[in-house]
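What follows is a set of notes on a single structure, which appears directly below.
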Amino acid sequence: MTQDERSGQVMSQGVMSTGEGMRIFPDVEACIDCGGCVVACKRTWDREIHNQRIDITTMAEGRAGPQGENADKTDRLAAGERPGETSLPMQCYHCENAPCVSVCPTNALQKEDDGFVSVSEDLCVGCQYCLSGCPFGAPQFPDSNEGTAQLFGTGGIMDKCTGCRERQDVQKGPACAEECATDAILVGSAGEIADELEKRDSGSFFNDEAMEIIFGADDAQLFSDQ
Amino acid sequence: MTNLDHGKFSRVTTTFHSLLALTVFFLFFTGYAIAFNTELWWMVELMGGNEGVLLVHRFAGFSLILLTGFWVSYMLLRSTSRSNFRGVLPNRTDISAFVQDIKFALGRADERHPAARQFAGYKADEVPLISYIGKGVVWIFTVELLLLMISGLLIWRKTWLIDFYNSQSVVMAFVAFHGLLGVIMLMGVMFHTFEHGFHPAFYPVEMKAFLPKDRTPNFHDDPDEYETTGIERLRLRSSWRWATNVMGVLVVVGIVSVMMASLSYGGYPVPDRLQFNEGSVLRTIGVNVGMLVLLIGLVLSMYGNVLRARYVRQRRETAERTTAADGGEREADRSGDLEGGGRPGTDGGTRPIDDRSTTDDGTNDGRSDDDVGG
Ligand code: SF4
Ligand code: SF4
Chain A
5 MTQDERSGQV MSQGVMSTGE GMRIFPDVEA CIDCGGCVVA CKRTWDREIH NQRIDITTMA
65 EGRAGPQGEN ADKTDRLAAG ERPGETSLPM QCYHCENAPC VSVCPTNALQ KEDDGFVSVS
125 EDLCVGCQYC LSGCPFGAPQ FPDSNEGTAQ LFGTGGIMDK CTGCRERQDV QKGPACAEEC
185 ATDAILVGSA GEIADELEKR DSGSFFNDEA MEIIFGADDA QLFSDQ
Chain B
247 MTNLDHGKFS RVTTTFHSLL ALTVFFLFFT GYAIAFNTEL WWMVELMGGN EGVLLVHRFA
307 GFSLILLTGF WVSYMLLRST SRSNFRGVLP NRTDISAFVQ DIKFALGRAD ERHPAARQFA
367 GYKADEVPLI SYIGKGVVWI FTVELLLLMI SGLLIWRKTW LIDFYNSQSV VMAFVAFHGL
427 LGVIMLMGVM FHTFEHGFHP AFYPVEMKAF LPKDRTPNFH DDPDEYETTG IERLRLRSSW
487 RWATNVMGVL VVVGIVSVMM ASLSYGGYPV PDRLQFNEGS VLRTIGVNVG MLVLLIGLVL
547 SMYGNVLRAR YVRQRRETAE RTTAADGGER EADRSGDLEG GGRPGTDGGT RPIDDRSTTD
607 DGTNDGRSDD DVGG
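Chains as they are written, first to last, in this note's numbering: chain A, 5 to 230; chain B, 247 to 620.
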């Protein structure tokens, strides 16, 4: 018997649709902390070793939740219990209400018409306000340890996940999501992502506030109905 | 005697004032270049490009904090200077002068309160060394600078407050607060430049901000013996009228533009977001005019120091000459632009310059010295 016959539903690929209006969101039930996405990102964009455009954050490492290991984390969390070891691919989610964009004093950060949040290298002054504004630790400052930048505490130029916009423009998914062996990085419209999480009996690991930042108040509702 | 013809500030304070001006101007130039980068992109480039501009801002900010820390402790440690802090506290006369000025402005009083007079034309016993307006300037600038330094430091060293800093609203609050103070301070500095540089008796610079009081000619006779203060002997420079008109327009345009620009950038005084809109030609001109006024302020501050150096050299040369030629005339008195009611020494002969000068510590007339006032 195939999985198909059992549930009547097929789990989608991580990448469901690309380009305009795309959203990126992690499925924590699926992530196994293999680091494949990190490698794929570095290999594709050739960034510095300490520049984590994507990084896996593992919480409660080595501890099982009440449900046992590797399952039912988001439900446990929603029920107010400790979910046990949970890994979360953290990157820029190209938020609908991007706090980084609203704190950037120089317009270096922009929410583009197609939904991507981009940083313009020749406008960024390295003030690091975006670092304080972003709830997800996405902004990276790879040059912040160098000479004068370190002395004066400036970060150098900010760098972050671009959502692989160039790849998406030619209908390819982001490198991380394409690489992910367990399809833990979901890419598509908010509706597609919400449906897929429901299909997988998974959910969001973030609280309502964070969901509204990422998806906007309206689209965040799609997830809370689950 | 007028309060034109004696110094107010010690050597340390005049030096501090000039260095303070230098750091504050650099902070303005860099800070504004960042905040209004659409209008002042050229300034960003000039100040080290997007990678360097913040470095300059932080360096200037750090220098300002060091400088102020040094000056305040210096003033506190010296007993003769400590009284100055009391000297700038508002007293009852200041309050009644303020009230009467309001009435005067509303047409309910015939004249301004005597203690509100701060510039030339009055004898020393008729005017306070520092009026409530001067005290107001001291306090406003002090509070603004202090808050700018604290908020600036906290923005710089976010980790000090990391526990509660990590939220959009706190960042916004700090940054908006810092920016708002910067805007208010900028307007104050523009006005300060205009008020002191373009007063008919001082134009183009008010020398007492640059010339320490131990170098400034003094008057020790009884003011009652003299009919006037000697202000009528001052000559108005021919360029004063147009220069003041032009500068007045620039200051108004600068202040209004900076205020309007802050307003149109999404809500003033506390912006709802810091994302700035696209620029407009008018706003670009206006904000640049504001920066021009600042630049004029910086140039005047440097010019004041040039004048001081020139004046001190002249006096030294004159002193050498007059000491050699016994009974010569006191030319030094005439060489100073500031000289109001001075007159040749009563003995008719030459008095060595040092005789007429107070020491760095001394007070001129028993009142407080070193005031940083307006
Ligand atoms: S707030 Fe963070 S995650 Fe959201 S768009 Fe900005 S950098 Fe990306
Ligand atoms: S570090 Fe750069 S991108 Fe981030 S807020 Fe500052 S100027 Fe904007």
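Glycine is no exception: its CB is placed at the ideal position from the N, C-alpha and C atoms. Here the structure is a predicted model, which is why all the values come from computation and not from measurement.
Rounded C-alpha distance that separates residue i from residue j
{"i": "residue 460 (chain B)", "j": "residue 561 (chain B)", "result": "13 Å"}
{"i": "residue 567 (chain B)", "j": "residue 360 (chain B)", "result": "42 Å"}
{"i": "residue 613 (chain B)", "j": "residue 379 (chain B)", "result": "Its pLDDT being 39, under 50, residue 613 (chain B) is placed unreliably in this model, and the value from its coordinates should be taken loosely. Rounded to whole angstroms, residue 613 (chain B) to residue 379 (chain B) spans 18 Å at the Cα level."}
{"i": "residue 38 (chain A)", "j": "residue 91 (chain A)", "result": "10 Å"}
{"i": "residue 22 (chain A)", "j": "residue 176 (chain A)", "result": "7 Å"}
{"i": "residue 283 (chain B)", "j": "residue 290 (chain B)", "result": "7 Å"}
{"i": "residue 609 (chain B)", "j": "residue 551 (chain B)", "result": "At residue 609 (chain B), the pLDDT of 37 sits below 50, so the modelled position is not reliable; the number obtained from the coordinates is stated separately. C-alpha separation (whole angstroms): 23 Å."}
{"i": "residue 483 (chain B)", "j": "residue 135 (chain A)", "result": "55 Å"}
{"i": "residue 488 (chain B)", "j": "residue 534 (chain B)", "result": "21 Å"}
{"i": "residue 338 (chain B)", "j": "residue 414 (chain B)", "result": "45 Å"}
{"i": "residue 330 (chain B)", "j": "residue 457 (chain B)", "result": "18 Å"}
{"i": "residue 77 (chain A)", "j": "residue 540 (chain B)", "result": "59 Å"}
{"i": "residue 325 (chain B)", "j": "residue 384 (chain B)", "result": "20 Å"}
{"i": "residue 215 (chain A)", "j": "residue 106 (chain A)", "result": "17 Å"}
{"i": "residue 108 (chain A)", "j": "residue 355 (chain B)", "result": "51 Å"}
{"i": "residue 179 (chain A)", "j": "residue 133 (chain A)", "result": "28 Å"}
{"i": "residue 102 (chain A)", "j": "residue 267 (chain B)", "result": "38 Å"}
{"i": "residue 546 (chain B)", "j": "residue 450 (chain B)", "result": "7 Å"}
{"i": "residue 194 (chain A)", "j": "residue 112 (chain A)", "result": "26 Å"}
{"i": "residue 497 (chain B)", "j": "residue 208 (chain A)", "result": "55 Å"}
{"i": "residue 232 (chain A)", "j": "residue 421 (chain B)", "result": "Because chain A spans 5 through 230 in this model, residue 232 (chain A) falls outside it and cannot be assessed."}
{"i": "residue 264 (chain B)", "j": "residue 419 (chain B)", "result": "32 Å"}
{"i": "residue 205 (chain A)", "j": "residue 196 (chain A)", "result": "14 Å"}
Beta-carbon gap between residue i and residue j smaller than 8 Å
{"i": "residue 118 (chain A)", "j": "residue 182 (chain A)", "result": "no"}
{"i": "residue 131 (chain A)", "j": "residue 432 (chain B)", "result": "no"}
{"i": "residue 58 (chain A)", "j": "residue 42 (chain A)", "result": "yes"}
{"i": "residue 435 (chain B)", "j": "residue 508 (chain B)", "result": "no"}
{"i": "residue 440 (chain B)", "j": "residue 494 (chain B)", "result": "yes"}
{"i": "residue 427 (chain B)", "j": "residue 473 (chain B)", "result": "no"}
{"i": "residue 479 (chain B)", "j": "residue 285 (chain B)", "result": "no"}
{"i": "residue 27 (chain A)", "j": "residue 192 (chain A)", "result": "yes"}
{"i": "residue 376 (chain B)", "j": "residue 318 (chain B)", "result": "no"}
{"i": "residue 85 (chain A)", "j": "residue 70 (chain A)", "result": "yes"}
{"i": "residue 278 (chain B)", "j": "residue 537 (chain B)", "result": "yes"}
{"i": "residue 83 (chain A)", "j": "residue 186 (chain A)", "result": "no"}
{"i": "residue 455 (chain B)", "j": "residue 269 (chain B)", "result": "no"}
{"i": "residue 438 (chain B)", "j": "residue 452 (chain B)", "result": "no"}
{"i": "residue 40 (chain A)", "j": "residue 184 (chain A)", "result": "yes"}
Close-in-space but distant-in-sequence residues of the same chain around residue i (CB under 6 Å, 5 per side omitted)
{"i": "residue 147 (chain A)", "result": "153, 160"}
{"i": "residue 61 (chain A)", "result": "92, 94"}
{"i": "residue 321 (chain B)", "result": "327"}
{"i": "residue 48 (chain A)", "result": "179"}
{"i": "residue 125 (chain A)", "result": "161"}
{"i": "residue 276 (chain B)", "result": "293, 299, 302, 303"}
Assumed close pair residue i, residue j - CB separation to whole angstroms, cut-off 8 Å
{"i": "residue 104 (chain A)", "j": "residue 138 (chain A)", "result": "5 Å"}
{"i": "residue 273 (chain B)", "j": "residue 313 (chain B)", "result": "Actually they are not in contact, since the Cβ atoms of residue 273 (chain B) and residue 313 (chain B) sit about 12 Å apart, beyond 8 Å."}
{"i": "residue 157 (chain A)", "j": "residue 403 (chain B)", "result": "7 Å"}
{"i": "residue 200 (chain A)", "j": "residue 20 (chain A)", "result": "7 Å"}
{"i": "residue 271 (chain B)", "j": "residue 544 (chain B)", "result": "4 Å"}
Residues near residue i by beta carbon distance below 7 Å, same chain, minus five either side
{"i": "residue 99 (chain A)", "result": "121, 217, 218"}
{"i": "residue 424 (chain B)", "result": "394, 397, 398, 401"}
{"i": "residue 347 (chain B)", "result": "358, 359, 362"}
{"i": "residue 294 (chain B)", "result": "301, 302"}
{"i": "residue 222 (chain A)", "result": "none"}
{"i": "residue 16 (chain A)", "result": "200"}
Close-in-space but distant-in-sequence residues of the same chain around residue i (CB under 8 Å, 5 per side omitted)
{"i": "residue 51 (chain A)", "result": "45, 57, 146, 163"}
{"i": "residue 212 (chain A)", "result": "224, 228"}
{"i": "residue 144 (chain A)", "result": "55, 56, 57, 162, 163, 164"}
{"i": "residue 342 (chain B)", "result": "359, 361"}
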